[in-house]
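Student: Below is one structure. I have some questions about it.
In this note's numbering, the protein residues as written are 1 to 615.
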């Protein structure tokens, strides 16, 4: 479960101006002429063709009211003039300028389009239209509008900058970078463009270039708190934690009410293992911004990691409200369960969420809920269905489609159950093995492995490669195999997926048994047996050595002796210290002593193997 870092969004130098710029006797602009990048309220001009004498008077009155802040009255007059068929493009611009509410976004877009039909040679209006379209996520239209602004006025750094923002949102990073560079070339003293360039480089993974761009933005604008914050994020990505901390603190010094910087400070202190400091910073961020769900999520994970399950699981509910919310596998129509006792034939539907490992860990509580004499329905990932049936869990299994039609009883997300049951490190409720394969499948794999020398050690060194935020839990396989080769037995790979560039290197161990074509299929497909058969392979292992991934939860839930290699600051469920886990009695934890350094872990593994199998 990943924490949420906060990156500040792009800076659009041509955001709608809230002040009105008065332009006396304005005339239609010609191609190549520019504006200031601000929305303008034009003073009425009696020489403008289009409005009648009555319109001219109304125009002046509306302008006066807008200048006095009487926006609603001004809007009414401008709309009346438009309904009467004015051909004055400035009326449309003026009305668009004073339409400020979110609900008026579409109206503003239509007004600016109407203005451009009457006078196409308005690069600043094209630029503003592009901003509005981008805010509506109409990125293709926004890009077209920015390009039109540039075609009317090529030396328009603001339009190049805003074009880059839209291109970046479309995922066209190289084109976005080119636009930001063009904006900077036209205006070398443009901190916002440097800042946006840094954001694009960071997304691309070019941290060194991102750092250079952020530093240039700060050089031009020392009080640029967002640039200080994002510079801290880039430096954190480079592993320069001390300098990153200094950047976040500088951002806060400039802007003491900056919740995002406090959140990021919390993350970095959590990564260093200073949980109390991290909790304090998260709490400050939430105090400054009560609806800051990302900070609340980070607070939840850190509280849980510290062992404070009561407060941790309470804040854990924020997972459905953060920027990247947790997605449930179904959304039933019945009422949410509030944790009240289940009486008699009450029906409770549990919905899985997040990863396979989470489901395997928390499916244990179905057994507890079944003892309340209630009807339990569960919706889990399909590849786990056969395993759950084989384990003797009596709950009725439903597909997501079936679950979404349930209207009776109540429902709950699976990972909310520990909160409802008041689970703590001192009260795990259930610790005995609760998952198993079928006898038939277990025997079939016993027969396949009968000629392999015991002990059989299953190894798994990598989790989901698509989750970059969990990459630090993966460890190199070579030193593990070197340690395991000291055991006079057999080593089998339990790796469900393998990087292309690692397909050869793991097989260099003299004892490693490559039987994984079948296992890959079992664990990554929706085969009728899938994880039930994968569990049968694990059941025939004398020891499983793994990273903290799905394999770890499956093996430990089966009661198999399982050694888990952990980074210095692991996922919350493993706690911050100790060799054992209250979740699984059969687990032994091997922790990094230094962040990112596995050498001592492999030494400990080697010694433990020699001790375990020396007899």
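Using N, Cα and C, we set each Cβ at its ideal position, and we do this for glycine too.
Tell me residue 412's beta-bridge partners as DSSP assigns them.
Tutor: 350, per the DSSP bridge assignment.
Student: Which partner residues does residue 379 have in the DSSP bridge list?
Tutor: DSSP, once it has assigned bridges, lists 351 as partnering residue 379.
Student: Out of curiosity, what's the CA-to-CA distance linking residue 654 and residue 589?
Tutor: Because the chain spans 1 through 615 in this model, residue 654 falls outside it and cannot be assessed.
Student: In the structure shown, what three-state DSSP assignment does residue 587 receive?
Tutor: Correct three-state label for residue 587: strand.
Student: Which one of 539, 397, 596, 489 has the shortest CA to CA distance from residue 455?
Tutor: With distances taken between Cα atoms, residue 455 lies closest to 489.
Student: What's the call for residue 93, buried or exposed, on a 16-neighbour Cβ count within 10 Å?
Tutor: Label assigned to residue 93: buried.
Student: Span of the beta strand (DSSP E) holding residue 564?
Tutor: 562-566 is the extent of the beta strand (DSSP E) around residue 564.
Student: Starting from residue 181, trace the alpha helix (DSSP H) both ways and give me its first and last residue.
Tutor: Run containing residue 181: 173-186, per the alpha helix (DSSP H) assignment.
Student: Beta strand (DSSP E) containing residue 637: first to last residue?
Tutor: Residue 637 is absent from the structure shown; the chain starts at 1 and stops at 615.
Student: Quick one: grab the DSSP three-state call for residue 335.
Tutor: Here residue 335 sits in strand by DSSP.
Student: With 16 other CB atoms within 10 Å as the buried threshold, where does residue 232 fall?
Tutor: Classification of residue 232: buried, given that the 10 Å Cβ count is 16 or more.
Student: What are the boundary residues of the alpha helix (DSSP H) that includes residue 254?
Tutor: Looking at the DSSP string, the run of the alpha helix (DSSP H) that includes residue 254 is 241-254.
Student: Taking a contact to mean a Cβ-Cβ separation below 8 Å, would you say residue 395 touches residue 370 in this structure?
Tutor: Cβ distance < 8 Å, so residue 395 and residue 370 count as in contact.
Student: Can you grab the Cα-Cα spacing for the pair residue 212 / residue 158, in whole Å?
Tutor: Answer to the nearest angstrom: the Cα atoms are 21 Å apart.
Student: Taking only the alpha-carbon atoms, compute the straight-line gap between residue 610 and residue 602 and give it to the nearest angstrom.
Tutor: Distance between the alpha carbons of residue 610 and residue 602: 12 Å.
Student: Cα separation between residue 130 and residue 146?
Tutor: When rounded, the distance between both Cα atoms is 6 Å.
Student: So what does residue 456 bridge to, in DSSP terms?
Tutor: Note: residue 456 sits in a beta bridge opposite 490.
Student: First and last residue of the alpha helix (DSSP H) that includes residue 617?
Tutor: No answer is possible for residue 617: it lies beyond the span of the chain, which begins at 1 and ends at 615.
Student: Could you tell me how far apart the beta carbons of residue 259 and residue 295 are, in whole angstroms, since I believe they sit closer than 8 Å?
Tutor: Yes, residue 259 and residue 295 are in contact; Cβ-Cβ is about 7 Å, under 8 Å.
Student: Going straight from the alpha carbon of residue 84 to that of residue 124, what length do you get?
Tutor: If you take the alpha carbons of residue 84 and residue 124, they lie about 26 Å apart.
Student: Evaluate residue 462 with the Cβ neighbour count: other Cβ atoms within 10 Å of its Cβ, from every protein chain shown; 16 or more gives buried, anything less gives exposed.
Tutor: Residue 462 comes out buried.
Student: Can you list, in chain order, the residues of its chain whose CB lies under 6 Å from that of residue 585, leaving out five sequence neighbours each side?
Tutor: Here the set comprises 431.
Student: Based on DSSP bridge pairs, tell me the residues matched to residue 404.
Tutor: None; residue 404 has no bridge partner.
Student: In three-state terms, what does DSSP make of residue 396?
Tutor: Reduced to three states, the DSSP call for residue 396 is strand.
Student: Could you round the C-beta distance between residue 542 and residue 457 to whole angstroms and report it? I think they count as a contact, below 8 Å.
Tutor: That pair is a contact at about 7 Å.
Student: Flag this pair as touching only if the segment 375-383 and the segment 290-304 have three or more C-beta atom pairs under 8 Å; answer yes or no.
Tutor: No: fewer than three Cβ pairs fall under 8 Å.
Student: For residue 100, does the count of other Cβ atoms within 10 angstroms reach 16, so buried, or fall short, so exposed?
Tutor: Burial call: exposed.
Student: With C-beta atoms as the reference, is residue 200 less than 8 Å away from residue 176?
Tutor: Yes, Cβ-Cβ distance for residue 200 and residue 176 is below 8 Å.
Student: Between residue 373 and residue 353, how many whole angstroms is the CB-CB distance? I'm expecting something under 8 Å.
Tutor: So it is not a contact: roughly 26 Å between Cβ atoms.
Student: Please classify residue 312: is it buried, with 16 or more other beta-carbons within 10 angstroms of its beta-carbon, or exposed?
Tutor: Buried, because 16 or more other Cβ atoms sit within 10 Å of the Cβ of residue 312.
Student: Just tell me which of 365, 612, 577 has its CA closest to the CA of residue 566.
Tutor: Here the closest residue by C-alpha is 577.
Student: Indicate the three-state DSSP secondary structure (helix, strand or coil) for residue 343 in the structure shown.
Tutor: Of the three classes helix, strand and coil, the one that applies to residue 343 here is coil, per DSSP.
Student: Should residue 404 be listed as close to the ligand SAM, given that the test is whether its C-beta is under 7 Å from any heavy atom?
Tutor: Absence of the ligand SAM from the depicted structure is noted, as is the absence of any ligand whatsoever, leaving it without description.
Student: For residue 239, which of 355, 255, 597, 77 has the nearest alpha-carbon?
Tutor: For the residues 355, 255, 597, 77, the minimum Cα distance to residue 239 belongs to 597.
Student: Which of helix, strand or coil does DSSP assign to residue 139?
Tutor: Helix.
Student: Below 8 Å on the Cβ atoms is my guess for residue 255 versus residue 225; work out the distance and round it to an integer in Å.
Tutor: That belief holds up - the Cβ atoms of residue 255 and residue 225 are roughly 4 Å apart, short of 8 Å.
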